[in-house]
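One structure below.
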Amino acid sequence: MSDITKDKQIVQIAIFAALLAALGFIPPIPFATGVPISAQSLGVMLAGTILGARNGALSMILFLVVVALGANLLAGGRGGLGVFAGPTAGFLFAFPFAAFTAGLLTRTLSSQFSLTIAAGIGAFVGGIIVMYLFGIAGFKMVTGRTWLESLMIMWVYIPGDAVKVVLAAAVTGAVARALPSSFTNK
Amino acid sequence: MMSLYLAQLSWMHRLPAGIKLFCLAVATVLLYPVKEVWIISLAVAITLGIYASLGRSGLAQLTLLKPLFWMMLAIFALQYWTMGLAEAWVLLGRMLVLILLANAISMTTRMDEMNVVFQFLLTPLRWLGVKTQRIAFALSLLIRFVPVLVSFMHALLAAWRARGGQRRYWQIIAPLVVQALRMSDQVAEAVAARGGIPNNIKH
Numbered sequence: 000m001s002d003i004t005k006d007k008q009i010v011q012i013a014i015f016a017a018l019l020a021a022l023g024f025i026p027p028i029p030f031a032t033g034v035p036i037s038a039q040s041l042g043v044m045l046a047g048t049i050l051g052a053r054n055g056a057l058s059m060i061l062f063l064v065v066v067a068l069g070a071n072l073l074a075g076g077r078g079g080l081g082v083f084a085g086p087t088a089g090f091l092f093a094f095p096f097a098a099f100t101a102g103l104l105t106r107t108l109s110s111q112f113s114l115t116i117a118a119g120i121g122a123f124v125g126g127i128i129v130m131y132l133f134g135i136a137g138f139k140m141v142t143g144r145t146w147l148e149s150l151m152i153m154w155v156y157i158p159g160d161a162v163k164v165v166l167a168a169a170v171t172g173a174v175a176r177a178l179p180s181s182f183t184n185k
Numbered sequence: 000m001m002s003l004y005l006a007q008l009s010w011m012h013r014l015p016a017g018i019k020l021f022c023l024a025v026a027t028v029l030l031y032p033v034k035e036v037w038i039i040s041l042a043v044a045i046t047l048g049i050y051a052s053l054g055r056s057g058l059a060q061l062t063l064l065k066p067l068f069w070m071m072l073a074i075f076a077l078q079y080w081t082m083g084l085a086e087a088w089v090l091l092g093r094m095l096v097l098i099l100l101a102n103a104i105s106m107t108t109r110m111d112e113m114n115v116v117f118q119f120l121l122t123p124l125r126w127l128g129v130k131t132q133r134i135a136f137a138l139s140l141l142i143r144f145v146p147v148l149v150s151f152m153h154a155l156l157a158a159w160r161a162r163g164g165q166r167r168y169w170q171i172i173a174p175l176v177v178q179a180l181r182m183s184d185q186v187a188e189a190v191a192a193r194g195g196i197p198n199n200i201k202h
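Protein sequences appear in the order of chains G and V.
When we follow numbering that gives the first Met the number 0, the leftmost residue of the first sequence carries the number 0, and every step to the right adds one.
When we follow numbering that gives the first Met the number 0, the leftmost residue of the second sequence carries the number 0, and every step to the right adds one.
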């Protein structure tokens, strides 16, 4: 791979991490379950479906590093080292893994299905299954609850995340149509 | 926006970042297995004391716990109901102490000081041949472009509202991503025109 291509990927990784921060500033949309949904976890799915497994995961790691260094870029203006000690820290550690899974599935499945469907499946497995696996494991570790009790506390967020899966699929399709040359994850 | 740092000079600001982070790591390891109510209560008191020693702006930072309030309450209630008051307090107290101590470091350490520690922690990667300057470059790009993307987002949101868009804000996400990718192509061209991302340590 030429140096120019590599540099281009690093720029893309950094700017997508900045995009994740910007998504955290979109006013949260109040949702039926009473829990407002933020666009940031949608960004995690998009990092995978759009940048691909490796670059999407690297972009998420970069974002978490900047949060750990003290930037309050998580949705709701949270950040700093404290968020990695809280009951929801597992979700943060999940970001790179969720993006990786979403990217890998999108790429693998897009040979059989349309890109939108492939991205939807990728976003679902990465953004919900992987995300909640880590999130609940982290919650368990901090609070010492069982899997079932942890899930009971978290379930309110799941409907909102399901909406994001649909959005991630639609946005991925739209971006691939708008910028066929930049879209490399297929 | 952008940073939790409190611009003032306290005793905690003067401590080197490395020492603060080391103390946090020790406190985390020591507190994790603690079951005694009095130790946890002491730790909570010491932590609150640290915030008080930072002055009014330090105490004001305790509001960072507000978004966690309902979840904390649910955890406390569940623990109280299944295990009893002592266990519930130990769990809640430990969680509060670890979150607040970690946050105190972010409040009293500038991001560039933290970055020095981070670059030091990357040393093993450098031995493996990873060009860590490229990671540092990516970090500064990210910090530089957050305000740019936030302004893109506000412009799209304003346009959406001007067209009579309701609360379906998500309509702006696809154009936002397209703008971000387009801009990243332009930035990559600019970087290439300046000779690419620095590779060696001297840069």
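The C-beta atom is built at its ideal place from N, Cα and C for all residues, glycine as well.
Bear in mind the structure is a predicted one, so any value in this text is a computation, not a measurement.
Local Cβ density within 10 Å of residue i, reported as buried at 16 or more and exposed below that
i	result
histidine 202/V	With a pLDDT of only 40 at histidine 202/V, under the threshold of 50, the placement of this residue in the model should not be trusted, and no figure is reported.
glutamine 60/V	buried
glutamine 7/V	exposed
isoleucine 200/V	With a pLDDT of only 48 at isoleucine 200/V, under 50, the local geometry of the prediction cannot be trusted, and no value is derived from it.
glutamate 35/V	exposed
threonine 183/G	exposed
leucine 90/V	buried
threonine 81/V	exposed
aspartate 206/V	Outside the modelled stretch of chain V, which goes from 0 to 202, sits residue 206/V, for which no answer is possible.
alanine 101/V	buried
glutamine 39/G	buried
proline 179/G	exposed
methionine 11/V	buried
asparagine 198/V	exposed
proline 174/V	buried
valine 129/V	exposed
leucine 140/V	buried
tyrosine 4/V	buried
leucine 41/V	exposed
glutamine 8/G	buried
isoleucine 3/G	exposed
alanine 161/G	exposed
valine 141/G	buried
valine 164/G	buried
lysine 19/V	buried
phenylalanine 151/G	Just to set this straight, residue 151/G is methionine in the shown sequence, not phenylalanine. By the neighbour-count rule (16 or more Cβ atoms within 10 Å), methionine 151/G is not buried but exposed.
glycine 54/V	exposed
phenylalanine 15/G	buried
Strand pairing of residue i, partner residues [DSSP]
i	result
isoleucine 36/G	Ile28/G
arginine 77/G	Leu73/G
Under 7 Å from the C-beta of residue i: neighbouring residues of chain B
i	result
alanine 137/V	Chain labels in this structure do not include chain B; the protein chains are G and V.
8 Å contact criterion, which residue i and residue j should meet: CB distance rounded
i	j	result
tyrosine 168/V	isoleucine 28/G	6 Å
leucine 148/V	alanine 17/G	5 Å
glycine 78/G	glycine 102/G	Their Cβ separation, rounded to whole angstroms, is 25 Å, which puts glycine 78/G and glycine 102/G out of contact at 8 Å.
valine 124/G	threonine 100/G	6 Å
glycine 42/G	alanine 88/G	Contact flag wrong, Cβ pair sits at about 18 Å.
leucine 61/G	alanine 93/G	About 16 Å; that fails the 8 Å criterion.
lysine 167/G	methionine 44/G	The displayed chain sequence assigns alanine, not lysine, to residue 167/G. Yes, alanine 167/G and methionine 44/G are in contact; Cβ-Cβ is about 4 Å, under 8 Å.
valine 116/V	glycine 17/V	5 Å
valine 64/G	leucine 138/V	7 Å
leucine 114/G	alanine 175/G	6 Å
valine 129/G	phenylalanine 90/G	No, valine 129/G and phenylalanine 90/G are not in contact; Cβ-Cβ is about 10 Å, not under 8 Å.
isoleucine 104/V	leucine 23/V	6 Å
threonine 171/G	alanine 84/G	At roughly 33 Å, the Cβ-Cβ gap does not stay under 8 Å, so threonine 171/G and alanine 84/G are not in contact.
valine 10/G	valine 176/V	Between valine 176/V and valine 10/G the Cβ distance is about 15 Å, and since that is not below 8 Å, they are no contact.
methionine 182/V	phenylalanine 24/G	About 17 Å separates the two Cβ atoms, so there is no contact after all.
aspartate 6/G	isoleucine 196/V	5 Å
glycine 69/G	serine 2/V	5 Å
leucine 95/V	valine 28/V	17 Å between Cβ atoms; not a contact.
For this session: Spell out a yes or no on whether the region 73 to 85 of chain V and the region 56 to 76 of chain G are touching, meaning 3 or more CB-CB pairs, one atom from each, closer than 8 Å.
Result: no
Problem set entry | Residues in the region 51 to 78 of chain V having any Cβ partner in chain G nearer than 8 Å | Leu63, Pro66, Leu67, Met70, Met71, Ala73, Ile74, Leu77 and Gln78
Exercise. What residues in the region 84 to 101 of chain G have a beta carbon less than 9 Å from any beta carbon of chain V?
Worked result: Ala84, Gly85, Pro86 and Thr87
For this session: Scan the region 154 to 180 of chain G for residues whose Cβ lies nearer than 8 Å to a Cβ of chain V and list them as they occur along the chain.
Result: Leu166, Ala169, Val170, Ala173, Val174, Ala177 and Leu178
Exercise. Would the region 51 to 68 of chain V and the region 121 to 137 of chain V be scored as touching if the rule is three or more Cβ pairs under 8 Å?
Worked result: no
Exercise. At a cut of 8 Å, does the region 82 to 89 of chain V reach the region 19 to 38 of chain V through at least three beta carbon pairs?
Worked result: yes
Problem set entry | Selection of the region 118 to 138 of chain V by Cβ proximity to chain G, strictly under 9 Å | Arg133, Ile134, Phe136, Ala137 and Leu138
Problem set entry | Interface residues of the region 154 to 176 of chain V facing chain G [CB-CB below 9 Å] | Leu156, Arg166, Arg167, Tyr168, Trp169, Ile171, Ile172, Ala173, Pro174, Leu175 and Val176
Problem set entry | Interface residues of the region 13 to 28 of chain G facing chain V [CB-CB below 8 Å] | Ala13, Ile14, Phe15, Ala16, Ala17, Leu18, Ala20, Ala21, Leu22, Phe24, Ile25, Pro26 and Ile28
For this session: Give, in chain order, every residue of the region 65 to 84 of chain G whose Cβ lies closer than 9 Å to some Cβ of chain V.
Result: Val65, Ala67, Leu68, Gly69, Ala70, Asn71, Leu72, Gly75, Gly76, Arg77, Gly78, Gly79, Leu80, Gly81, Val82, Phe83 and Ala84
Exercise. Quick one, which residues of the region 179 to 202 of chain V are near chain G if we go by CB-CB under 8 Å, in chain order?
Worked result: Ala179, Leu180, Arg181, Met182, Ser183, Asp184, Val186, Ala187, Val190, Ala191, Gly195 and Ile196
Problem set entry | Residues of the region 126 to 138 of chain G with Cβ closer than 9 Å to any Cβ of chain V, in chain order | Phe138
For this session: Anything in the region 30 to 48 of chain V with a Cβ closer than 8 Å to a Cβ of chain G? List those residues in chain order, please.
Result: none
Exercise. At a Cβ cut of 8 Å, what residues of the region 107 to 123 of chain G count as close to chain V, listed as they run along the chain?
Worked result: none
For this session: Pull out every residue of the region 33 to 49 of chain G whose Cβ sits closer than 9 Å to any Cβ of chain V, in chain order.
Result: Ala38, Leu41, Gly42, Leu45 and Ile49
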